[in-house]
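A.B. asks: Residues in the first sequence are numbered consecutively from 381, following my numbering.
Quick reminder that beta carbons are idealized off the backbone N, C-alpha and C, glycines included.
A quick note: this is a predicted structure, and the numbers were derived from the prediction, not measured.
Below you'll find the structure I mean.
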Amino acid sequence: MRASKMFIPTLRETPAEAEIVSHQLMLRAGLMRKLASGIYSFLPLGLRTFKKVEQIVREEMDKAGAQELLMSAVLPAEAYQSSGRWEVFGQEMFRFKDRGGRDFCLGPTHEEIFTETVKREIRSYRALPMTLYQIQSKYRDERRPRFGVMRSREFVMKDAYSFDRDEANLDISYQKMYDAYCKIFDRCKLDYIIVDADTGAMGGSGSQEFMVKSDIGEAEIAYCVSCGYAANVEKAVCLADKCCGVKENCCALENIEKVATPDVKTIEELTSFFNCSSKEFAKTLIYKADDKFVAVVIRGDRDVNETKLRNYLSCIELSMAEAADVARITGAEVGFAGPFGLKINVIVDPEVCEMKSIIAGANETGFHYKNVNCERDFKVSVIKDIRNIVEGDKCPICGRAIKVERGIEVGHIFKLGTKYTQALNCVYLDEESKEIPMVMGSYGIGINRTMAAIIEQNNDENGIIWPMAVAPYQVIVIPVKIDDEIQMNLAEKIYGDLQDAGVEVVIDDRDERPGVKFKDADLIGFPVRITVGKRASEGIVEFKLRINKDLEELNEAETIKRAVSEAKKV
RNA sequence: CGGGAUGUAGCGCAGAUGGUAGCGCGCUUGGUUUGGGACCAAGAUGCCGCAGGUUCGACUCCUGUCAUCCCGACCA
Numbered sequence: 381m382r383a384s385k386m387f388i389p390t391l392r393e394t395p396a397e398a399e400i401v402s403h404q405l406m407l408r409a410g411l412m413r414k415l416a417s418g419i420y421s422f423l424p425l426g427l428r429t430f431k432k433v434e435q436i437v438r439e440e441m442d443k444a445g446a447q448e449l450l451m452s453a454v455l456p457a458e459a460y461q462s463s464g465r466w467e468v469f470g471q472e473m474f475r476f477k478d479r480g481g482r483d484f485c486l487g488p489t490h491e492e493i494f495t496e497t498v499k500r501e502i503r504s505y506r507a508l509p510m511t512l513y514q515i516q517s518k519y520r521d522e523r524r525p526r527f528g529v530m531r532s533r534e535f536v537m538k539d540a541y542s543f544d545r546d547e548a549n550l551d552i553s554y555q556k557m558y559d560a561y562c563k564i565f566d567r568c569k570l571d572y573i574i575v576d577a578d579t580g581a582m583g584g585s586g587s588q589e590f591m592v593k594s595d596i597g598e599a600e601i602a603y604c605v606s607c608g609y610a611a612n613v614e615k616a617v618c619l620a621d622k623c624c625g626v627k628e629n630c631c632a633l634e635n636i637e638k639v640a641t642p643d644v645k646t647i648e649e650l651t652s653f654f655n656c657s658s659k660e661f662a663k664t665l666i667y668k669a670d671d672k673f674v675a676v677v678i679r680g681d682r683d684v685n686e687t688k689l690r691n692y693l694s695c696i697e698l699s700m701a702e703a704a705d706v707a708r709i710t711g712a713e714v715g716f717a718g719p720f721g722l723k724i725n726v727i728v729d730p731e732v733c734e735m736k737s738i739i740a741g742a743n744e745t746g747f748h749y750k751n752v753n754c755e756r757d758f759k760v761s762v763i764k765d766i767r768n769i770v771e772g773d774k775c776p777i778c779g780r781a782i783k784v785e786r787g788i789e790v791g792h793i794f795k796l797g798t799k800y801t802q803a804l805n806c807v808y809l810d811e812e813s814k815e816i817p818m819v820m821g822s823y824g825i826g827i828n829r830t831m832a833a834i835i836e837q838n839n840d841e842n843g844i845i846w847p848m849a850v851a852p853y854q855v856i857v858i859p860v861k862i863d864d865e866i867q868m869n870l871a872e873k874i875y876g877d878l879q880d881a882g883v884e885v886v887i888d889d890r891d892e893r894p895g896v897k898f899k900d901a902d903l904i905g906f907p908v909r910i911t912v913g914k915r916a917s918e919g920i921v922e923f924k925l926r927i928n929k930d931l932e933e934l935n936e937a938e939t940i941k942r943a944v945s946e947a948k949k950v
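Here you go:
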């Protein structure tokens, strides 16, 4: 391809709207442009990389025995209505009506549609197991799209769905996908970590996420360097500290005592009032779960993990109760809530049960109790891990210190079980002609996000450093002076030879100064650069890899050989 | 959905106490240049986000609205 004819609108300056490096570089290198918030167009260069990522995914899916098909993005409401997700998705689904007034949406994910299809076509156990996938646009009207293509409203997802006879076979299908995902992200040269994850609205019995380590990641990962335990913070299991360890005799059982604490409401105010650590308090938070209220009791320095709480309560809407509700339920102003004598369920974090003689609100404005003890002084409805893990907590497997880092979720795999197949009556006939619901798995990879994650992990101050496997072009040939016939002829010769050798190559035949060409080449991130300059008359050119600063002076034949061999390193 | 900010040329930005719009880059033309975003000269490019209002007069003041970005909440 000739740079003079290519549509590559590079930008010298960083657009103000782009905050993170992958977004900035995708715009600056002319890979894509924004059309609306969270909606992007891919330009020729961006599309080439996009397709390469797609192709890697496709090859590994095919190797794993999955079959590709393509569903519509426009979907009728019925399938989602029978699974209940027409409501669950709420505002996040793009909805519209056809001219006849029938409800449609743009598919946010396709469990129902695949299930529906398999239900109609597959009757016998003989057809199972079966894994189907597609690479297709998904639509989610995100509340807050951000970071360019990292969280967009339209994005391309590879979604695969496995159908099996039973859980044991699902485990096999799931493992195949797991292995395929590892190969995919390895081929993309990503540094990733696989973590236990919450299944969220997807439902099902278990899931894992493929996380690319990055400070700009939206997910927090808790992991243990000793034993390899890794989980999304939403999911990470928390062990209870045996006791707060702050005071000498903190474990002594003392008599409960009411203390006047006028206007002392927040944990900070309480720590200074009592002159003690936030670890010596139990805070009681009132939550509204759908239409019911619950009290949650955790240690003063901890945060409630609303995902865990939501899962335990199996509710859809979950929020902190309004001040008025808190007052009605506890009989005191906000700031004095305690676990005593409540008419609602009291969910207590295990850590609180381990603590002795703690401080808690008295459910009476202006008062707290001290020397409170779980069970002795208040009734516990259930003991449940409902807090967030933090750095330094004990690993639930080996007990060593947990580390917490951020990650970008590029892939997510689920064991769905029979949630959708039962809802939609997707059954097969076994050897005895008995109808049995199929056991399902679902597996997603965000193509756009994977592409952004690759840039996020492969760049320097000059631009993108594409791994060979996903580079839009593998080699750029730069003639320094295009009106120098010797240089130009040699550059054209090398360009032609590389094309003949099957290398994806661009020749920068633009009438630009060399500096401009070098800057653009670095910005776009061609893995191999061949500069044809002063020594062209001797048949010598300069060979350079984007990844380092080393320059090699090679003759024509050596150059072709080196470039071809580099291009094969995918 | 709560909080904050910003909308002026393709991009980055400046425009006071109100008087009808500018800079840098890019773009076009000519010339000089040519190994890391050249220089000189001459140009072209604007619904000043949109709609009201105040005013003789609004990019500027007021109201509303839309859009975009950030933080949080939420998230498949």
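1) Would you list the residues sitting across from Thr687 in a DSSP beta bridge?
2) Can you say whether Val762 is buried or exposed, counting buried as having 16 or more other CB atoms within 10 angstroms of its CB?
3) Here's a check: name, in chain order, each residue in its chain whose Cβ is nearer than 6 Å to the Cβ of Arg682, leaving out the five neighbours to either side.
4) Could you name the residues of the same chain whose beta carbon sits closer than 7 Å to that of Leu405, not counting the 5 residues immediately before and after it, in chain order?
5) Can at least three beta-carbon pairs, one atom from the segment 787 to 806 and one from the segment 818 to 829, be found at a separation below 8 Å?
6) Measuring straight from C-alpha to C-alpha, what distance separates Lys668 and Ala616?
7) With H, G and I counted as helix, E and B as strand and the rest as coil, what does DSSP make of Thr511?
8) Based on Cα-Cα distance, which residue from Gly919, Arg926, Phe906, Asp930 lies nearest to Glu938?
9) Between Arg475, Val726, Lys750, Lys929, which has its C-alpha nearest Lys759's C-alpha?
10) Identify every residue that forms a DSSP beta bridge with Pro424.
11) Throw me the rounded Cβ distance for the Asp483 and Ala457 pair, which I believe falls under 8 Å.
12) Mark Phe387 as exposed unless 16 or more other C-beta atoms lie within 10 angstroms of its C-beta, in which case mark it buried.
13) Looking only at its own chain, which residues have a Cβ that is under 7 Å from the Cβ of Phe923, when we skip the five neighbours before and after it?
14) Identify the residues that DSSP records as bridge partners of Pro859: which are they?
15) Within the same chain, show all residues whose beta-carbon is closer than 8 Å to that of Tyr647, passing over the 5 residues directly before and after it, in chain order.
16) Taking just the CA atoms, how far does Leu455 sit from Phe485?
17) What first and last residue would you give for the beta strand (DSSP E) that runs through Val875?
18) Among the residues of its own chain, which have a CB less than 6 Å from the CB of Tyr541, if the five just before and after it don't count?
19) Distance check for Ala611 and Pro907, CA to CA, integer angstroms please.
20) Give me the residue from Val752, Glu686, Glu534 with the minimum Cα distance to Ile636.
21) Go through its chain and collect everything with a Cβ distance to Ala398's Cβ below 6 Å, but skip five positions before and after it.
22) Rounded to the nearest angstrom, how far is the Cβ of Gln555 from that of Ile574, given a contact under 8 Å?
23) Please report the distance separating the alpha-carbon of Val886 from that of Ser402.
24) What is the rounded straight-line gap between the Cα of Gly772 and the Cα of Pro719?
25) Considering Phe527, what are the terminal residues of the alpha helix (DSSP H) in which it resides?
26) Report yes or no: do three or more beta-carbon pairs, one from the segment 869 to 877 and one from the segment 431 to 438, lie closer than 8 Å?
27) Using only CA atoms, which one of Ile724, Thr801, Asn685, Pro852 lies nearest to Asp671?
28) Between which two residues does the alpha helix (DSSP H) carrying Ala943 extend?
29) Considering only C-alpha positions, which residue in the set Asp902, Cys806, Ile862, Ser917 is nearest to Leu508?
30) Thinking Lys783 and Tyr603 are a contact (beta carbons under 8 Å), I'd like their distance in whole angstroms, please.
31) Applying the criterion that 16 or more other CB atoms from any shown protein chain within 10 Å of the CB defines a buried residue, is Phe716 buried or exposed?
32) So, at 8 Å on beta carbons, what are the nonlocal neighbours of Phe673 in its own chain, with the 5 sequence-adjacent residues on each side left out?
33) What first and last residue would you give for the beta strand (DSSP E) that runs through Ile788?
34) How long is the line joining the alpha carbons of Ile601 and Val613, rounded to whole angstroms?
35) As a quick exercise: from Glu472, Asp576, Gly480, Arg503, pick the residue whose alpha carbon is nearest that of Lys814.
36) Roughly how many whole angstroms lie between the Cα atoms of Trp846 and Gly905?
C.D. replies: Let me spell this out:
1) Here residue 687 corresponds to residue number 307 of the first sequence, with the count starting at 1. DSSP output for Thr687 lists no bridge partner at all.
2) Along the first sequence, read from residue 1 onward, the residue named residue 762 stands at position 382. The residue in question, Val762, is exposed, as its Cβ has fewer than 16 Cβ neighbours within 10 Å.
3) For the purposes of this step, residue 682 is taken as the residue at position 302 of the first sequence. Contacts found: Arg767.
4) For this step, residue 405 is matched to residue 25 along the first sequence. Closer than 7 Å at Cβ, skipping near neighbours: Ile835, Asn839, Gly843, Ile844.
5) yes
6) Taking the first sequence and counting its residues from 1, the one referred to as residue 668 is at position 288. Taking the first sequence and counting its residues from 1, the one referred to as residue 616 is at position 236. Roughly 24 Å between the two C-alpha positions.
7) Position 131 of the first sequence holds residue 511. In this structure, Thr511 counts as strand in the three-state DSSP scheme.
8) The residue labelled residue 938 in the question sits at position 558 within the first sequence. Of Gly919, Arg926, Phe906, Asp930, the residue nearest in Cα terms is Gly919.
9) To locate residue 759, count along the first sequence from 1; it is residue 379. Here the closest residue by C-alpha is Val726.
10) Counted from its first residue, the first sequence places residue 424 at position 44. DSSP output for Pro424 lists no bridge partner at all.
11) As a working note, residue 483 is residue 103 in the first sequence. As a working note, residue 457 is residue 77 in the first sequence. With a Cβ gap of about 4 Å, Asp483 and Ala457 count as contacting.
12) As a working note, residue 387 is residue 7 in the first sequence. Exposed: under 16 other Cβ atoms inside 10 Å.
13) To locate residue 923, count along the first sequence from 1; it is residue 543. These residues qualify, in order along the chain: Ile910, Glu932, Leu934, Thr939, Arg942.
14) Start at 1 with the first residue of the first sequence, and residue 859 comes out as number 479. Paired residue(s): Val912.
15) Mapped onto the first sequence, residue 647 falls at position 267. Per the sequence shown, residue 647 should be read as Ile rather than Tyr. Result list for Ile647: Ser658, Phe661, Lys663, Gly680, Asp681, in chain order.
16) Here residue 485 is taken as the residue at index 105 of the first sequence, counted from 1. Here residue 455 is taken as the residue at index 75 of the first sequence, counted from 1. Per the sequence shown, residue 485 should be read as Cys rather than Phe. Rounded to whole angstroms, Cys485 to Leu455 spans 5 Å at the Cα level.
17) What you label residue 875 is simply residue 495 of the first sequence in a count that begins at 1. Rather than Val, the amino acid found at residue 875 in this sequence is Tyr. Here Tyr875 belongs to no beta strand (DSSP E); instead the alpha helix (DSSP H) covers 865 to 880.
18) Taking the first residue of the first sequence as position 1, residue 541 is located at position 161. Same-chain partners within the cutoff: Phe494, Leu512, Ser822.
19) Here residue 907 refers to the residue found at position 527 when the first sequence is read from its first residue. Here residue 611 refers to the residue found at position 231 when the first sequence is read from its first residue. Their Cα atoms are separated by approximately 35 Å.
20) Translated into positions along the first sequence, residue 636 becomes position 256. When only C-alpha atoms are compared, the closest one is Val752.
21) Here residue 398 corresponds to residue number 18 of the first sequence, with the count starting at 1. Around Ala398: Gln404, Leu407.
22) Taking the first sequence and counting its residues from 1, the one referred to as residue 555 is at position 175. Taking the first sequence and counting its residues from 1, the one referred to as residue 574 is at position 194. That pair is no contact at about 12 Å.
23) Along the first sequence, one-based indexing puts residue 886 at 506. Along the first sequence, one-based indexing puts residue 402 at 22. Taking the straight line from one Cα to the other gives about 23 Å.
24) Along the first sequence, one-based indexing puts residue 772 at 392. Along the first sequence, one-based indexing puts residue 719 at 339. Gly772 and Pro719: Cα-Cα distance of roughly 28 Å.
25) Within the first sequence, numbered from 1, the residue matching residue 527 stands at position 147. Counting along the chain, no alpha helix (DSSP H) covers Phe527, and no H or E run does either.
26) In short, these stretches do not touch, since the Cβ pair count stays below three.
27) For the purposes of this step, residue 671 is identified with residue 291 of the first sequence, where counting begins at 1. With distances taken between Cα atoms, Asp671 lies closest to Ile724.
28) What you label residue 943 is simply residue 563 of the first sequence in a count that begins at 1. Per DSSP, the unbroken alpha helix (DSSP H) holding Ala943 starts and ends at 936 to 947.
29) For the purposes of this step, residue 508 is taken as the residue at position 128 of the first sequence. Cα-wise, what sits closest to Leu508 is Cys806.
30) Indexing the first sequence from 1 puts residue 783 at position 403. Indexing the first sequence from 1 puts residue 603 at position 223. About 6 Å separates the Cβ atoms of Lys783 and Tyr603, confirming a contact at the 8 Å cut-off.
31) Position 336 of the first sequence, counted from the start, is the residue given in the question as residue 716. It counts as buried.
32) Your numbering for residue 673 matches position 293 in the first sequence. If we look at Phe673 and ignore the five residues flanking it on each side, its Cβ neighbours are Ile666, Tyr667, Ala701, Asp705, Ile709, Ile724.
33) By one-based count along the first sequence, residue 788 stands at place 408. Counting along the chain, the beta strand (DSSP E) containing Ile788 begins and ends at 783 to 797.
34) Locating residue 601 in the first sequence gives position 221, where the first residue counts as 1. Locating residue 613 in the first sequence gives position 233, where the first residue counts as 1. Cα-Cα distance, rounded: 5 Å.
35) Counting from one through the first sequence, the residue named residue 814 turns up at place 434. Here the closest residue by C-alpha is Arg503.
36) As a working note, residue 846 is residue 466 in the first sequence. As a working note, residue 905 is residue 525 in the first sequence. Straight-line Cα distance between these residues: approximately 6 Å.
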